[in-house]
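Q: Before I ask anything, here is the structure I am working with.
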Amino acid sequence: MSELRGTSSASRWLIVAAWAGVAVLTAILLITKYSAAIAADPTDGSLEIFIEAARLEASGGDPYDAAALGGSYLTGSYTYSPLVAWALMPFLQLGLFGQIWTAFCLLCGVVAVAAVTATLWPRLTPWGRVLVAAVGIVTLDYNEVVNWELLDGQSQLPVLATTALAVFFAARTPAVSGVMLALGALVKTWPAMFGLWILRAHNPNRRKELLGAIGTAVVFVGIMILVDGPNSIAEWVQRTLDLREQPLQIYSVWFFERELFAGSADPVAADAAPLAGRIVSWTLAVIVLALLVLALRRPGEPGLAMWNVVAATLLLLPVSHHFYQLILLPILWHWLGIALAERRKPDSWALVGLMALWWLVAFRFGNDGDPLVSSFVIVTLTVLVYAASVLLAARRDPLGLRLRRRPVEGPAATASADEAVTAAHPIGVE
0 MSELRGTSSA
10 SRWLIVAAWA
20 GVAVLTAILL
30 ITKYSAAIAA
40 DPTDGSLEIF
50 IEAARLEASG
60 GDPYDAAALG
70 GSYLTGSYTY
80 SPLVAWALMP
90 FLQLGLFGQI
100 WTAFCLLCGV
110 VAVAAVTATL
120 WPRLTPWGRV
130 LVAAVGIVTL
140 DYNEVVNWEL
150 LDGQSQLPVL
160 ATTALAVFFA
170 ARTPAVSGVM
180 LALGALVKTW
190 PAMFGLWILR
200 AHNPNRRKEL
210 LGAIGTAVVF
220 VGIMILVDGP
230 NSIAEWVQRT
240 LDLREQPLQI
250 YSVWFFEREL
260 FAGSADPVAA
270 DAAPLAGRIV
280 SWTLAVIVLA
290 LLVLALRRPG
300 EPGLAMWNVV
310 AATLLLLPVS
320 HHFYQLILLP
330 ILWHWLGIAL
340 AERRKPDSWA
350 LVGLMALWWL
360 VAFRFGNDGD
370 PLVSSFVIVT
380 LTVLVYAASV
390 LLAARRDPLG
400 LRLRRRPVEG
410 PAATASADEA
420 VTAAHPIGVE
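Throughout the sequence shown, residue numbering follows numbering that gives the first Met the number 0, covering 0 to 429 in sequence.
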């Protein structure tokens with residue numbers, strides 16, 4: 000409340016009332032989403048796979064044993080580390096898997112919004128903080144994609160929370176930031192690519208973040224070998240490789256070769272994709288990779304670097320489901336915070352406008368009509384959002400500009416680099 004001391008009593012009460020309104024709105028959205036998911040029984044979707052894997056673990060079986068799981072595509076597809084199965088084991092006797100998992104995932108969403116708001120907190124005015132939190136809650140919980148996420152018992156929201164917490168802890172407790180990254184990669188394997196974020200330029204805490212991430216992974220692998228045997232690691236890797244292709248719509252650059260140019264909403268095999276589609280997809284992949292290098296070399300600030308790495312990952316995944324875009328939502332929240340803090344810079348507001356359009360299309364209204372058309376628009380907008388975010392972040396990276404003008408070596412370089420970033424971005428920096 001110290002930031003409110005310079006404001007009038009009426010303004011302070013208005014801000015408190017606004018936070019109360021955000022809390023009420025959050026409660027309404029969470030109750031609505033929870034009730035709808037439970038009524039539809041999320042244990043009929045991906046959560047069923049997690050439950051079966053937990054039962055196999057509890058009985059000394061193998062969670063990757065497709066025969067024991069039934070052998071069908073749905074029940075034979077436990078793909079990730081045993082972490083989720085282990086987490087569900089204590090509830091096998093209690094049951095209520097749908098209720099527990101849905102509540103947990105909704106809580107993870109709130110944690111993600113809180114983490115991003117807290118990261119931006121020192122930069123924002125009291126009203127700016129309220130607005131970022133409110134926009135975060137509404138854009139996350141008032142959309143169709145989160146409905147499907149909850150109805151299917153998916154696991155993107157826990158990854159969203161761990162990723163947002165990794166950014167929050169980066170400037171506070173770097174080792175914990177690394178732990179959060181590792182946990183996200185243990186919930187789902189492919190978020191391990193988010194670890195590229197640790198390699199961003201002007202990151203004096205790189206060793207601590209790496210120590211947290213690698214240490215967590217090593218400890219987990221050791222426990223996994225003790226519990227499930229040494230073959231479990233190979234099974235985990237093999238299952239991940241086996242499911243590189245799935246009969247589901249693709250929301251990455253590979254959409255063009257496997258769906259759009261093939262003229263089918265059901266992806267064709269990669270080796271059967273038309274030549275024109277391959278050229279488009281591979282050209283876009285090269286562009287995404289080039290922008291990823293730029294995002295790591297001139298990140299702007301740690302938060303932007305993370306969400307740009309997330310966007311690049313989603314655009315490069317061979318199997319990138321619509322659910323996955325939930326993990327990218329903080330790119331909108333973070334840029335909104337920047338725009339509110341730097342109100343005289345129209346480029347930030349223009350980017351927020353583009354991201355608002357992306358949200359409306361990808362999360363609210365873009366799934367009606369022809370699936371090829373809707374997927375084309377969503378993927379194209381995602382590419383544009385990613386490119387604009389990386390380029391604008393690079394433009395605002397003062398350290399990259401200063402080091403090019405006056406190169407300095409040794410300890411003085413690190414000191415001047417830290418001062419440059421801190422002066423330009425007083426939050427979320429190392």
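Using N, Cα and C, we set each Cβ at its ideal position, and we do this for glycine too.
Buried or exposed: Ile14, going by 16 or more other Cβ atoms within 10 Å of its Cβ?
A: Taking the first residue of the sequence shown as 1, we reach residue 14 at position 15. Result: buried.
Q: Helix, strand or coil for Gly177, going by three-state DSSP, please let me know.
A: Locating residue 177 in the sequence shown gives position 178, where the first residue counts as 1. Helix.
Q: Let me know if Ala16 comes out buried or exposed under the rule of 16 or more other beta-carbons within 10 Å of its beta-carbon.
A: Position 17 of the sequence shown, counted from the start, is the residue given in the question as residue 16. Its Cβ having fewer than 16 others within 10 Å, Ala16 is exposed.
Q: For Arg395, count neighbouring C-beta atoms within 10 Å of its own C-beta (all shown protein chains included) and say buried if the count is 16 or more, exposed if not.
A: Reading the sequence shown from its first residue, position 396 is the one you call residue 395. So Arg395 counts as buried.
Q: Grouping DSSP H, G and I as helix and E and B as strand, with all else coil, what is Ile249?
A: Reading the sequence shown from its first residue, position 250 is the one you call residue 249. Three-state result, Ile249: coil.
Q: From Leu55, Val144, Arg296, pick the residue whose C-alpha is nearest to that of His201; which is it?
A: Within the sequence shown, numbered from 1, the residue matching residue 201 stands at position 202. Minimum Cα distance to His201 is reached at Arg296.
Q: What's the C-alpha gap between Ala393 and Leu313?
A: As a position in the sequence shown, residue 393 is number 394, starting the count at 1. As a position in the sequence shown, residue 313 is number 314, starting the count at 1. Near 20 angstroms, if we compare the C-alpha coordinates of Leu313 and Ala393.
Q: Using three-state DSSP, classify Val129 as helix, strand or coil.
A: Residue numbering aside, residue 129 sits at position 130 when the sequence shown is read from its first letter. Reduced to three states, the DSSP call for Val129 is helix.
Q: Which runs of the alpha helix (DSSP H) at least 4 residues long sit entirely within the region 303 to 362? Give them in chain order.
A: The qualifying runs are 329 to 340, 345 to 358.
Q: Count the other C-beta atoms from every protein chain shown that fall within 10 angstroms of the C-beta of Leu350, then say buried if there are 16 or more, exposed otherwise.
A: In the sequence shown, the residue the question calls residue 350 occupies position 351. By the neighbour-count rule (16 or more Cβ atoms within 10 Å), Leu350 is buried.
Q: Quick check on the burial criterion: 16 or more other C-beta atoms within 10 angstroms. Buried or exposed for Asp61?
A: Counting from 1 along the sequence shown, the entry for residue 61 is found at position 62. Classification of Asp61: buried, given that the 10 Å Cβ count is 16 or more.
Q: To the nearest angstrom, how far is it from the Cα of Leu353 to the Cα of Leu316?
A: Stepping through the sequence shown from its first residue, residue 353 is reached at position 354. Stepping through the sequence shown from its first residue, residue 316 is reached at position 317. Between Leu353 and Leu316, the C-alpha separation is close to 23 angstroms.
Q: When the Cα of Gly183 is compared with those of Asp270, Phe364, Ser80, which residue comes out closest?
A: The residue you call residue 183 lines up with position 184 of the sequence shown. Closest by alpha carbon: Ser80.
Q: Can you tell me which of Arg363, Leu46, Val384, Trp253 puts its alpha carbon nearest to the alpha carbon of Val186?
A: In the sequence shown, counting from the first residue as 1, residue 186 sits at position 187. If we check each option's Cα against that of Val186, Leu46 comes out closest.
Q: Report the rounded CA-to-CA distance for Phe375 versus Leu328, giving the unit in angstroms.
A: For this step, residue 375 is matched to residue 376 along the sequence shown. For this step, residue 328 is matched to residue 329 along the sequence shown. Their Cα atoms are separated by approximately 19 angstroms.
Q: How far does the alpha helix (DSSP H) with Phe49 in it reach, from first residue to last?
A: Taking the sequence shown and counting its residues from 1, one reaches residue 49 at position 50. Counting along the chain, the alpha helix (DSSP H) containing Phe49 begins and ends at 45 to 57.
Q: Note the first and the last residue of the continuous alpha helix (DSSP H) segment covering Arg296.
A: For the purposes of this step, residue 296 is taken as residue 297 along the sequence shown, with counting starting at 1. Looking at the DSSP string, the run of the alpha helix (DSSP H) that includes Arg296 is 274 to 296.
Q: Taking its Cβ as the centre, do 16 or more other Cβ atoms sit within 10 Å of Asn230, making it buried, or is it exposed?
A: Counting from 1 along the sequence shown, the entry for residue 230 is found at position 231. Exposed, because fewer than 16 other Cβ atoms sit within 10 Å of the Cβ of Asn230.
Q: Taking the alpha carbon of Asp40 as the reference point, which residue from Leu390, Gly94, Leu55 has its own alpha carbon closest?
A: The residue labelled residue 40 in the question sits at position 41 within the sequence shown. Residue Gly94 is the option with its Cα nearest to Asp40.
Q: Straight-line CA distance for Glu234 to Met223?
A: Numbered from its first residue, the sequence shown carries residue 234 at position 235. Numbered from its first residue, the sequence shown carries residue 223 at position 224. Glu234 and Met223: Cα-Cα distance of roughly 12 angstroms.
Q: Can you tell me which of the three DSSP states Phe219 falls into?
A: Reading the sequence shown from its first residue, position 220 is the one you call residue 219. Note: Phe219 maps to helix in three-state DSSP.
Q: Taking Ala52 as the reference, which of Lys32, Gly214, Leu87, Ala132 has the closest Cα?
A: Residue numbering aside, residue 52 sits at position 53 when the sequence shown is read from its first letter. Taking only the C-alpha atoms, the option nearest Ala52 is Leu87.
Q: Can you round the beta-carbon distance between Ala169 and Asn204 to whole angstroms, since I take them to be within the 8 angstroms contact cut?
A: As a first step, residue 169 must be located in the sequence shown, where it is residue number 170. As a first step, residue 204 must be located in the sequence shown, where it is residue number 205. Contact holds; Cβ gap of about 7 angstroms.
Q: Would the beta-carbon of Val131 fall within 8 angstroms of that of Gly299?
A: Walking along the sequence shown from the start, residue 131 turns up at place 132. Walking along the sequence shown from the start, residue 299 turns up at place 300. For Val131 and Gly299, no; Cβs fall outside 8 angstroms.
Q: Check for me: the alpha helix (DSSP H) holding Val372 runs from which residue to which?
A: Residue numbering aside, residue 372 sits at position 373 when the sequence shown is read from its first letter. Per DSSP, Val372 belongs to the alpha helix (DSSP H) from 370 to 394.
Q: Specify the secondary structure class of Asn146 as computed by DSSP and reduced to three states.
A: Your numbering for residue 146 matches position 147 in the sequence shown. Of the three classes helix, strand and coil, the one that applies to Asn146 here is helix, per DSSP.
Q: Is the beta carbon of His320 less than 8 angstroms from the beta carbon of Val115?
A: Looking up residue 320 in the sequence shown gives position 321. Looking up residue 115 in the sequence shown gives position 116. Against a cut-off of 8 angstroms, the Cβ pair of Val115 and His320 comes out as no contact.
Q: Is the region 105 to 114 touching the region 276 to 287, taking contact as three or more C-beta pairs under 8 angstroms?
A: Touching, no, given that fewer than three Cβ pairs across the two stretches are closer than 8 angstroms.
Q: Buried or exposed for Leu438, please, with buried defined as at least 16 other CB atoms from any protein chain shown within 10 angstroms of its CB.
A: Past the boundaries of the shown model lies residue 438; the chain is included only from 0 to 429, so the question cannot be answered.
Q: If you draw a straight line from the C-alpha of Phe462 to the C-alpha of Val178, how long is it?
A: Outside the modelled stretch of the chain, which goes from 0 to 429, sits residue 462, for which no answer is possible.
Q: Determine, using beta carbons only, whether Ser154 and Val83 come nearer to each other than 8 angstroms.
A: Taking the sequence shown and counting its residues from 1, the one referred to as residue 154 is at position 155. Taking the sequence shown and counting its residues from 1, the one referred to as residue 83 is at position 84. It is a contact, given that the beta carbons lie within the stated cut-off.
Q: Apart from the five residues on each side of it in sequence, which residues of its chain come closer than 8 angstroms, Cβ to Cβ, to Gly97?
A: Locating residue 97 in the sequence shown gives position 98, where the first residue counts as 1. These residues qualify, in order along the chain: Ala36, Ile37, Asp40, Pro41, Thr42, Leu46, Gly152.
Q: For Pro246, which of Val267, Val226, Glu256 has the nearest alpha-carbon?
A: As a working mapping, residue 246 is identified with position 247 in the sequence shown. Closest option to Pro246, Cα to Cα, is Val267.
Q: Going by Cα to Cα distance, which pick from Pro173, Leu240, Ala212, Val158 is closest to Leu106?
A: Sequence index remark: in the sequence shown, residue 106 carries index 107 (1-based). Taking only the C-alpha atoms, the option nearest Leu106 is Val158.
Q: Where Ala19 and Ala102 are concerned, what is the direct C-alpha to C-alpha distance, given to the nearest angstrom?
A: Counted from its first residue, the sequence shown places residue 19 at position 20. Counted from its first residue, the sequence shown places residue 102 at position 103. Spanning the two alpha carbons is a distance of roughly 21 angstroms.
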